[in-house]
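Enquirer: Sharing a structure, written as structure tokens. Questions coming.
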Amino acid sequence: MCGPETPSSTPRVGARVDFFPAAGVDATQLPVGNLLFVNPTSPSSSHATHVRFQQQYHSGAGAGAAHGEDDSLLVSIHLTGDLTQPLSTAGILQQFTLRSSSNPGTTATTTETDALSSGGVDVPLAASLLLAVGADGIIGRRVSVRRGRGGAVLADGIVGFNFLPPAVKA
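Last residue of the sequence shown: 169 in numbering that gives the first Met the number 0, with the numbers rising by one and none dropped.
Encoded structure:
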């Protein structure tokens with residue numbers, strides 16, 4: 000798995016990306032949250048059908064939007080996994096939006112985003128994502144989060160497996 004050690008209460012299924020503040024974002028180097036890609040009806044599936052965002056509030060990147068600003072989060076899964084390169088060269092494999100209660104009628108229902116912040120709800124994806132390396136798989140790819148469609152990048156990270164494969168026993 001990519002990222003720091005996590006509490007045992009964090010599910011160990013699907014894939015996960017730990018987000019760290021993007022360059023130029025005023026925040027600590029602690030993770031600003033993580034995103035789990037899961038299939039709640041079949042946890043060992045190689046296809047994620049849902050996403051769960053768990054946000055940790057830190058100064059800067061984790062702060063909410065100011066009154067009147069778009070507080071939805073645009074999540075982009077990029078074609079490459081190189082964090083040293085500008086996002087403009089990373090391409091886009093898939094994008095989806097996690098919406099807040101102030102933006103009803105969108106991907107998440109009005110109650111889902113509050114639960115998303117606490118890690119309590121799996122939000123369905125429009126299309127399933129392959130939990131594999133290469134081709135259309137998302138493992139090893141860069142994921143960025145920005146506030147709204149035109150906002151600056153808040154955080155990014157790399158998708159990694161979030162489970163111990165059956166062939167590898169600890």
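Using N, Cα and C, we set each Cβ at its ideal position, and we do this for glycine too. In this text the structure is predicted, and so the values were computed from the model without any measurement.
#1: Could you pull out every residue in the same chain whose Cβ sits closer than 7 Å to the Cβ of alanine 151, ignoring the five residues on either side in sequence?
#2: Output the boundary residues of the beta strand (DSSP E) element that contains glutamine 54.
#3: CB valine 50 to CB valine 12, shorter than 7 Å?
#4: For the beta strand (DSSP E) containing serine 143, list its first residue and its last residue.
#5: Our contact map puts leucine 72 next to threonine 96 with C-beta atoms below 8 Å; I'd like the distance itself, whole angstroms only.
#6: Can you have a look at serine 75 and say buried or exposed, based on whether 16 or more other CB atoms are within 10 angstroms of its CB?
#7: Determine the DSSP secondary structure at threonine 96, reduced to helix, strand or coil.
Expert: With the given structure in hand:
#1: Arg145
#2: 46-54
#3: no
#4: 141-146
#5: 7 Å
#6: buried
#7: strand
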